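**Student:** The structure's right below; bear with me while I get my questions together.
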């Protein structure tokens, strides 16, 4: 019985790594059974987000890999894109060159745009070779304990996520995994917001 329970728990953890699960109710119940830190009354939205479009984006301060600090609330008045990532996530590695080419290289010189990759639970010594391998140059922050990630999505859910925030600090788009059509919509929305 104990071996079966352990196998089920380990299988769930493997699913939750990069791809995650799409069964929101099961995830919440599994987290509660495991004594996770999520609140029992947490509302889980599509793709295991705990925020939704229209919400004010949860504020945070993180250290960047260059040693500076990034505070989300200090970016008010700008269009902000947060990209949750990790070196062990294959989907992230596939998506990041597209973010680099189709978003960062097009808008990096625009003072009204901010893009920050948020690496989950990896030390700087692992992040630097990871971003060099995928060829990205946009700023990367370190979410050492995944606490920032857990303020946007269930802590046990999959990592590949983008959050687009408007000039008032409100969430306008949430993406999950790397889907070409959804990514094209993200690129278009950023272009339109920066043209205003």
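In the numbering used here, the protein residues as written are 1128 to 1323. Cβ coordinates follow ideal geometry from the N, Cα and C atoms, glycine included. Keep in mind that this is a model prediction, so the values were computed, not measured.
1. Just curious, the alpha helix (DSSP H) that residue 1344 is in, first and last residue?
2. Excluding the 5 residues flanking residue 1240 on each side, which residues of the same chain have their C-beta closer than 7 Å to its C-beta?
3. Under a Cβ-count criterion, where at least 16 other Cβ atoms within 10 Å of its own Cβ denotes burial, should residue 1141 be classed as buried or exposed?
4. Quick check for students: name the residue ranges of the alpha helix (DSSP H) that lie wholly in the region 1187-1263, counting only runs of 4 or more.
5. Is there contact here, the region 1219-1230 with the region 1257-1266, by at least three beta-carbon pairs under 8 Å?
6. Roughly how many whole angstroms lie between the Cα atoms of residue 1242 and residue 1223?
7. Using CA coordinates, which residue listed in 1279, 1253, 1219, 1237 is at the minimum distance from residue 1185?
8. Check whether the region 1273-1287 and the region 1167-1183 touch, using three or more Cβ-Cβ pairs below 8 Å as the test.
9. Could you compute how far the alpha carbon of residue 1214 sits from the alpha carbon of residue 1187?
10. For a quick check, are the C-beta atoms of residue 1303 and residue 1276 less than 9 Å apart?
11. Hey, would you say residue 1218 sits closer than 9 Å to residue 1287, going by beta carbons?
**Tutor:** Straight from the coordinates:
1. Examination of residue 1344 is not possible in this model, given that the chain is present from 1128 through 1323 alone.
2. Your numbering for residue 1240 matches position 113 in the chain shown. These residues qualify, in order along the chain: 1205, 1206, 1234, 1321.
3. Taking the chain shown and counting its residues from 1, one reaches residue 1141 at position 14. Any reading at residue 1141 is ruled out, since the residue's pLDDT is 38, under 50, leaving its predicted position unreliable.
4. Complete alpha helix (DSSP H) runs here, min 4: 1217-1226, 1251-1261.
5. At 8 Å Cβ cutoff, the stretches touch.
6. Numbered from 1 along the chain shown, position 115 holds the residue referred to as residue 1242. Numbered from 1 along the chain shown, position 96 holds the residue referred to as residue 1223. Residue 1242 and residue 1223: Cα-Cα distance of roughly 12 Å.
7. The residue given as residue 1185 occupies position 58 in the chain shown. Distance from the Cα of residue 1185 is smallest, within the candidate group 1279, 1253, 1219, 1237, for 1279.
8. Of all C-beta pairs linking the region 1273-1287 to the region 1167-1183, three or more are shorter than 8 Å, placing the two stretches in contact.
9. Numbered from its first residue, the chain shown carries residue 1214 at position 87. Numbered from its first residue, the chain shown carries residue 1187 at position 60. Across the structure, residue 1214 and residue 1187 are spaced so that their CA atoms are roughly 22 Å apart.
10. Locating residue 1303 in the chain shown gives position 176, where the first residue counts as 1. Locating residue 1276 in the chain shown gives position 149, where the first residue counts as 1. Cβ atoms of residue 1303 and residue 1276: not closer than 9 Å.
11. Within the chain shown, residue 1218 is the residue found at index 91, counting from 1. Within the chain shown, residue 1287 is the residue found at index 160, counting from 1. Contact: yes.
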